[in-house]
Each structure stands twice: as structure tokens, then as C-alpha cells.
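Enquirer: Protein chains in written order, with the working numbering: chain A, 1 to 111; chain B, 1001 to 1114.
Attaching a single structure in C-alpha cells format; questions to follow.
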Amino acid sequence: EDQVTQSPEALRLQEGESSSLNCSYTVSGLRGLFWYRQDPGKGPEFLFTLYSAGEEKEKERLKATLTKKESFLHITAPKPEDSATYLCAVQADSSASKIIFGSGTRLSIRP
Amino acid sequence: DAGVIQSPRHEVTEMGQEVTLRCKPISGHDYLFWYRQTMMRGLELLIYFNNNVPIDDSGMPEDRFSAKMPNASFSTLKIQPSEPRDSAVYFCASTLRGAGEKLFFGSGTQLSVL
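Right, dumping it as C-alpha cells:
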């Protein structure tokens, strides 16, 4: 069964303190791995798609990387406005367009 | 485009009542997904459609749940009868195949079943 596990569940950082969020996945052939950001009371908002091991994507203070078993979302010198829940999702080759999400990491950045 | 539109924004009902959640996807998108989000289980895929046809409903919890997509611009998720354990935020999302599977989510419907 396809599975996505994110860690940690919650992370509190000081402004400027860099860190990484982890997403481990088990799928029968990866078609794509996705990162989303969710603010309270809103739907998830798309950040990145990664397709193959070794691929990296960047957007402002965020960089996503992918290996054959996991993905990392690196946050460099975060600001309070980066506080949100970050969700990882995967799409398997065998399941057409079915996209499965992890439980997310709640990130809080203190000024 | 106004994005994915869901209604109502909030729904409070009593156990046993029928609940209907509505979704208008982004014009031109050919996939529509219904998800449910709770603190305990995170974001769960319930069902998804391609060109108005249900493709995978294996995530639908039980027969009390049903979903329809009568045309490309409208979908409903119905719960009958509702139970307190159905309380959650229900999200609708749409995408265009070939667009990197970038899902566009609505703002969700907060459902409370008393």
C-alpha cells in the first residue's frame, strides 16, 4: 500500500534558524512527489513537483530535494511568514492520478 | 478565474440529517478530487473524477457517502445519514492532466455533526 510519512509533526524555530522537514514514502513506482503549504483556515497551496531522485527545486527560502526513499524541504533563514503546515504528497505509477498526502509538519517561526 | 469554489463554508447539522457539499472546479480542468481533513487522519482522498467519471472511490468511508459530477463545472458530496465522526473539513481540488499534477484547492467546508 502506498504510504507517506512526514516528520517532525511540529517544529518551532527562531527567525533565521535554518532546518529541514522530512517526507518518507513507499510507493510502487513514483510518478511524482509534491510539496504544499497550508495556512490556517485555507486549502493547501502548491509549492513544488519532483519527479526523479537527485532532482531539486527552489522557491525563495525553500528548497525541495528527492531521493529514492524520501524528500526534504529545506528552509533557509526562515521568517515568521513562513509559519504554516507543510504537506508532502505522492503519486504512484500504478494509480493513475491518485494523489496521497502525508499528515504534514506544522512549522512555527518566532520573531 | 475565481479558483475552486466550495459551498457552504461552514455547515452545522444534527446526527441523522442529510448533508450536501458543493464544488465548482476551475474551468477547463479535467480532474476533480474530494478530500477530508482531520487532526487524527490528516488529508484523506475520498474520491476523484476524470472528465466527470468517477475513477477511484476506494477512499469513501462507507455507503453513507456518495459523490456525483453531473457536468464539468459542478460536483457534490453527500452524506446521508450524517454521524458525529463525519465532522471534518472537506476539500475539493481540481487539476488539468499534464500540468505537473498541480492541485488547486478550494477553501473547504467545515462540517460539524452534533
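Ideal Cβ positions, reconstructed from N, Cα and C, are used throughout, including at glycine.
Closer than 9 Å by beta-carbon distance: list the chain A residues that pair up with Y1140 of chain B, in chain order.
Expert: The structure shown does not extend to residue 1140 of chain B, since chain B is modelled only from 1001 to 1114, so the question has no answer here.
Enquirer: Can a CB atom of chain A be found closer than 8 Å to the CB of S1107 of chain B?
Expert: yes
Enquirer: Give the residues of chain A in contact with R1111 of chain B, contact being defined as C-beta atoms less than 7 Å apart.
Expert: It should be noted that the sequence gives Leu, not Arg, for residue 1111 of chain B. Correct list: empty, because the minimum Cβ distance to chain A is about 14 Å.
Enquirer: Could you please tell me which residues of the stretch 1046 to 1079 of chain B, in chain order, have their CB closer than 8 Å to any CB of chain A?
Expert: Here the close residues are Y1048, N1050, I1055 and D1056.
Enquirer: Since T105 of chain A contacts T85 of chain A with CB under 8 Å, what's their CB separation in whole angstroms?
Expert: 7 Å
Enquirer: Within 10 angstroms of its Cβ, does T26 of chain A collect 16 or more other Cβ (buried), or is it exposed?
Expert: exposed
Enquirer: Of all Cβ atoms in chain A, is any one closer than 8 Å to the Cβ of Q1028 of chain B?
Expert: The sequence given here places Gly at residue 1028 of chain B; Gln does not occur at that position. No Cβ of chain A is located within less than 8 Å of the beta carbon of G1028 of chain B.
Enquirer: For the candidate residues B:A1088, B:H1029 and B:T1013, whose alpha-carbon lies nearest to that of S1075 of chain B?
Expert: B:H1029
Enquirer: Tell whether a beta-carbon distance below 8 Å holds between R110 of chain A and R12 of chain A.
Expert: yes
Enquirer: Over the uninterrupted beta strand (DSSP E) stretch that includes D1063 of chain B, give me the two end residues.
Expert: Unbroken run through D1063 of chain B: none, as it is neither H nor E.
Enquirer: Going by beta-carbon coordinates alone, are M1069 of chain B and F1091 of chain B separated by less than 8 Å?
Expert: Taking C-beta atoms as the reference points, M1069 of chain B and F1091 of chain B fail to come closer than 8 Å.
Enquirer: Does DSSP put E70 of chain A in a helix, in a strand, or in coil?
Expert: strand
Enquirer: Under three-state DSSP, which class holds D1056 of chain B?
Expert: strand
Enquirer: I'd like to know whether the C-beta atoms of K1078 of chain B and T1020 of chain B end up nearer to each other than 8 Å.
Expert: yes
Enquirer: Just reading off the beta strand (DSSP E) that A77 of chain A is part of, what are its end residues?
Expert: Element bounds for A77 of chain A: n/a, residue is neither H nor E.
Enquirer: Does any C-beta atom of chain A lie closer than 8 Å to the C-beta of R1022 of chain B?
Expert: No, no contact with chain A.
Enquirer: What are the residues that DSSP puts in a beta bridge with E45 of chain A?
Expert: A:R37
Enquirer: If you measure beta-carbon to beta-carbon, which residues of the stretch 11 to 44 of chain A are closer than 9 Å to chain B?
Expert: R31, G32, F34, Y36, Q38, G41, K42, G43 and P44
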